[in-house]
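Below is one structure, written out as structure tokens; comments come after it.
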Amino acid sequence: MTDTIKTQFPLLQQKQNGKPLVYLDSGATTQRPQAVLDAVKHFYEQDNANPHRGAYELGERATAAYEGARAQVASFLNAQKEEVIFTRNATESLNLLAYSWGLHNLKAGDKVVVSILEHHSNLIPWQQVCHAVGAELIFLYTGQDGVIPDEEIEKKITKGVKLVACTHVSNVLGLVSPVEKIAARAHEVGAVMVLDCAQSAPHLKLDVQKLNVDFLAFSGHKLYAPLGIGVLWGRRELLEAMPPFLTGGDMIDSVREQDATWAPLPQKFEAGTQNAGGAVGLAAAIRWIQSIGYETIEKRENDVYRYLWDELAKMPHITLYGTPEGQHCGAVAFNVEGVHPHDVSTILDADAVCVRAGHHCAQPLLTHLGLRACCRASIAVYNTREDVDALANSLQKVRKWLGYGT
Amino acid sequence: MELEQIYTQIITENSRSKEHKYAVKDATQVVEGVNPSCGDEISLQLRVKDGMIEDAAFLGDGCAISQASANIMIDLIKGKSVKEAEHLSNLFLGMIKGEVTDDGQLDELEDAQAFKDISHMPARVKCAVLGWHTLQDAVTKAEKATS
Numbered sequence: 000m001t002d003t004i005k006t007q008f009p010l011l012q013q014k015q016n017g018k019p020l021v022y023l024d025s026g027a028t029t030q031r032p033q034a035v036l037d038a039v040k041h042f043y044e045q046d047n048a049n050p051h052r053g054a055y056e057l058g059e060r061a062t063a064a065y066e067g068a069r070a071q072v073a074s075f076l077n078a079q080k081e082e083v084i085f086t087r088n089a090t091e092s093l094n095l096l097a098y099s100w101g102l103h104n105l106k107a108g109d110k111v112v113v114s115i116l117e118h119h120s121n122l123i124p125w126q127q128v129c130h131a132v133g134a135e136l137i138f139l140y141t142g143q144d145g146v147i148p149d150e151e152i153e154k155k156i157t158k159g160v161k162l163v164a165c166t167h168v169s170n171v172l173g174l175v176s177p178v179e180k181i182a183a184r185a186h187e188v189g190a191v192m193v194l195d196c197a198q199s200a201p202h203l204k205l206d207v208q209k210l211n212v213d214f215l216a217f218s219g220h221k222l223y224a225p226l227g228i229g230v231l232w233g234r235r236e237l238l239e240a241m242p243p244f245l246t247g248g249d250m251i252d253s254v255r256e257q258d259a260t261w262a263p264l265p266q267k268f269e270a271g272t273q274n275a276g277g278a279v280g281l282a283a284a285i286r287w288i289q290s291i292g293y294e295t296i297e298k299r300e301n302d303v304y305r306y307l308w309d310e311l312a313k314m315p316h317i318t319l320y321g322t323p324e325g326q327h328c329g330a331v332a333f334n335v336e337g338v339h340p341h342d343v344s345t346i347l348d349a350d351a352v353c354v355r356a357g358h359h360c361a362q363p364l365l366t367h368l369g370l371r372a373c374c375r376a377s378i379a380v381y382n383t384r385e386d387v388d389a390l391a392n393s394l395q396k397v398r399k400w401l402g403y404g405t
Numbered sequence: 000m001e002l003e004q005i006y007t008q009i010i011t012e013n014s015r016s017k018e019h020k021y022a023v024k025d026a027t028q029v030v031e032g033v034n035p036s037c038g039d040e041i042s043l044q045l046r047v048k049d050g051m052i053e054d055a056a057f058l059g060d061g062c063a064i065s066q067a068s069a070n071i072m073i074d075l076i077k078g079k080s081v082k083e084a085e086h087l088s089n090l091f092l093g094m095i096k097g098e099v100t101d102d103g104q105l106d107e108l109e110d111a112q113a114f115k116d117i118s119h120m121p122a123r124v125k126c127a128v129l130g131w132h133t134l135q136d137a138v139t140k141a142e143k144a145t146s
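Read top to bottom, the protein sequences are chains B and H.
Numbering that gives the first Met the number 0 numbers the first residue of the first sequence as 0 and each following residue consecutively.
Numbering that gives the first Met the number 0 numbers the first residue of the second sequence as 0 and each following residue consecutively.
The structure is reproduced here in structure tokens:
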């Protein structure tokens with residue numbers, strides 16, 4: 000059966016070892032639709048120059064393409080253009096925050112709260128800033144089901160907490176975090192709320208007017224856009240009060256021998272030549288997503304997600320992590336009894352089924368759940384029930400390769 | 000690369016063997032090895048006396064490739080001199096990198112030759128070499144301790 004969404008992704012049309020490619024690693028990076036590839040090609044073929052520099056028509060077109068992309072992202076987030084900072088990816092956005100906001104606002108004795116679900120990119124920057132200034136890093140723990148209980152939010156986010164950084168969706172368990180409760184509590188105690196949307200942006204509509212957070216970060220490459228473009232959104236007054244993260248070209252107002260003043264937002268945070276081609280690709284990806292609509296995306300993905308969970312839950316020798324309860328996006332984590340996840344991934348690969356194996360850049364979470372490593376199948380809008388069937392069929396062979404009877 | 004070439008009987012049997020999985024009594028060297036891509040850790044333990052490896056074993060969990068490779072390695076080095084262990088580890092890593100291809104030379108590696116083709120699977124090379132890199136650390140420490 001041809002799927003009208005999947006057919007828009009050239010990479011997904013290929014075969015590996017004569018078998019159709021089954022890509023179930025979109026939590027790591029998505030594939031790109033033709034519309035995005037075309038937009039990037041068009042930029043480099045027709046509009047490429049250094050944005051904000053050339054006082055000639057081509058340079059102005061490059062600037063218009065780059066700033067047009069920013070406007071597209073701003074409208075996507077229901078934000079103002081000046082509050083949208085382009086970065087390389089969510090990791091860079093979060094490092095920008097930690098180094099710029101964190102180093103200048105946190106001091107010895109302050110508290111920073113993160114959840115145990117964090118990807119290393121929303122953990123290590125805060126951990127290191129806490130080391131640097133002598134602040135305390137506190138964790139919101141989940142139960143074995145991966146859910147953060149309400150009491151934990153009440154107990155840990157208290158007076159003295161200056162910043163709360165939390166993932167919107169777990170990159171391992173696919174669970175949507177109780178952002179409303181966490182953000183409300185953070186603001187109640189006067190803390191700044193940071194939301195890592197790397198795993199939610201492809202699946203859930205993000206509206207900064209409704210999310211009640213102060214900063215959010217996401218990566219383009221998990222959102223059908225090219226590698227190397229990401230976004231940091233922040234409230235204007237917070238961004239304006241922050242010092243620059245990287246310094247250099249295009250982020251200045253004026254420079255003298257011994258000091259310099261900074262350009263207004265967003266340029267203050269965009270030092271050096273920016274990835275305009277990536278930004279153009281991100282804008283095209285957003286238009287492509289909007290042409291499908293989040294309602295359709297959620298409906299399709301929920302169907303495939305449920306089917307994936309149920310099919311794996313039926314299989315003997317498979318352990319699923321997290322809980323089928325609640326709202327999920329993208330990822331399902333599992334292990335095959337007696338077989339290391341890396342071996343599972345190698346064996347599935349022989350059937351052209353791509354899943355991730357390892358600690359998924361969330362080592363503290365895996366340790367908390369008593370695991371060293373696990374497999375992760377993660378879906379995007381182009382995945383179908385047929386992909387799940389291919390995974391389930393291939394999984395049935397895994398234990399036999401390792402010498403088990405069944 | 001075909002799965003038949005990786006999950007051979009030698010590798011699946013060695014991956015499940017418990018023969019060399021224990022804490023070495025009065026160990027002189029205990030060295031941790033980590034594969035950062037999957038977080039697998041092994042603890043290699045040696046008891047070296049007068050330049051000879053009297054006992055060797057390892058602890059830890061990992062994939063079939065890393066476990067089988069470590070098990071076969073212990074089989075090879077137990078009872079040998081530290082110098083010989085160093086030589087074998089260089090030979091194994093040379094084989095993996097494709098620098099040593101002569102079958103006559105590689106015969107010394109016995110069952111460890113089963114990993115010869117792992118270089119065709121770059122994602123799994125780190126698994127195959129985990130134990131051997133850890134052995135190189137242990138050998139360096141053993142040599143320092145006696146010099």
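Where is the CB? At the ideal position from N, CA and C, for every residue including glycine.
Nearest-angstrom Cβ-Cβ length linking residue i and residue j, presumed shorter than 8 Å
| i | j | result |
| --- | --- | --- |
| residue 355 (chain B) | residue 27 (chain B) | 6 Å |
| residue 116 (chain B) | residue 141 (chain B) | 6 Å |
| residue 232 (chain B) | residue 82 (chain B) | 6 Å |
| residue 401 (chain B) | residue 6 (chain H) | 7 Å |
| residue 378 (chain B) | residue 300 (chain B) | 6 Å |
| residue 287 (chain B) | residue 32 (chain B) | 5 Å |
| residue 43 (chain B) | residue 337 (chain B) | Contact flag wrong, Cβ pair sits at about 50 Å. |
| residue 78 (chain H) | residue 41 (chain H) | Actually they are not in contact, since the Cβ atoms of residue 78 (chain H) and residue 41 (chain H) sit about 20 Å apart, beyond 8 Å. |
| residue 332 (chain B) | residue 172 (chain B) | 6 Å |
Residue-level contact to chain H via CB, residue i, 7 Å cutoff
| i | result |
| --- | --- |
| residue 316 (chain B) | no |
| residue 400 (chain B) | yes |
| residue 362 (chain B) | yes |
| residue 358 (chain B) | yes |
| residue 434 (chain B) | Absent from the model: residue 434 (chain B). The displayed extent of chain B is 0 to 405, so no value can be given. |
Residue i, buried or exposed, once every other Cβ within 10 Å from all chains shown has been counted against 16
| i | result |
| --- | --- |
| residue 254 (chain B) | exposed |
| residue 103 (chain B) | exposed |
| residue 399 (chain B) | exposed |
| residue 213 (chain B) | buried |
| residue 125 (chain H) | buried |
| residue 364 (chain B) | buried |
| residue 340 (chain B) | buried |
| residue 65 (chain B) | buried |
| residue 263 (chain B) | exposed |
| residue 123 (chain H) | buried |
| residue 22 (chain H) | exposed |
| residue 164 (chain B) | buried |
| residue 344 (chain B) | buried |
| residue 201 (chain B) | buried |
| residue 289 (chain B) | exposed |
| residue 248 (chain B) | exposed |
| residue 130 (chain B) | exposed |
Residue-level contact to chain B via CB, residue i, 7 Å cutoff
| i | result |
| --- | --- |
| residue 2 (chain H) | yes |
| residue 130 (chain H) | no |
| residue 137 (chain H) | no |
| residue 27 (chain H) | no |
| residue 38 (chain H) | yes |
| residue 6 (chain H) | yes |
| residue 69 (chain H) | no |
| residue 11 (chain H) | yes |
| residue 63 (chain H) | yes |
Per DSSP, cross-strand counterpart(s) of residue i
| i | result |
| --- | --- |
| residue 353 (chain B) | B:22 |
| residue 85 (chain B) | B:230 |
| residue 15 (chain H) | None; residue 15 (chain H) has no bridge partner. |
| residue 327 (chain B) | B:174 |
| residue 374 (chain B) | B:333 and B:356 |
| residue 91 (chain H) | In the DSSP output, where bridge partners are listed per residue, residue 91 (chain H) has none listed. |
| residue 41 (chain H) | H:32 and H:59 |
Against chain H: residues of the region 24-57 of chain B by CB proximity under 7 Å: Shown here is that no member of the region 24-57 of chain B has a Cβ falling below 7 Å from a Cβ of chain H.
Residues in the region 110-124 of chain H having any Cβ partner in chain B nearer than 9 Å: Cβ contacts with chain B: 120, 122 and 123.
Members of the region 325-341 of chain B that neighbour chain H once the beta carbon cut-off is set at 9 Å: Residues of the region 325-341 of chain B with a C-beta less than 9 Å from any C-beta of chain H: 337, 338, 339, 340 and 341, listed in chain order.
Members of the region 363-377 of chain B near chain H, C-beta cut-off 7 Å: Listed by position along the chain: 371 and 372.
Contact residues within the region 345-356 of chain B, judged by C-beta distance below 8 Å to chain H: Against chain H - using a Cβ distance shorter than 8 Å - the residues of the region 345-356 of chain B are 345, 346, 349 and 356.
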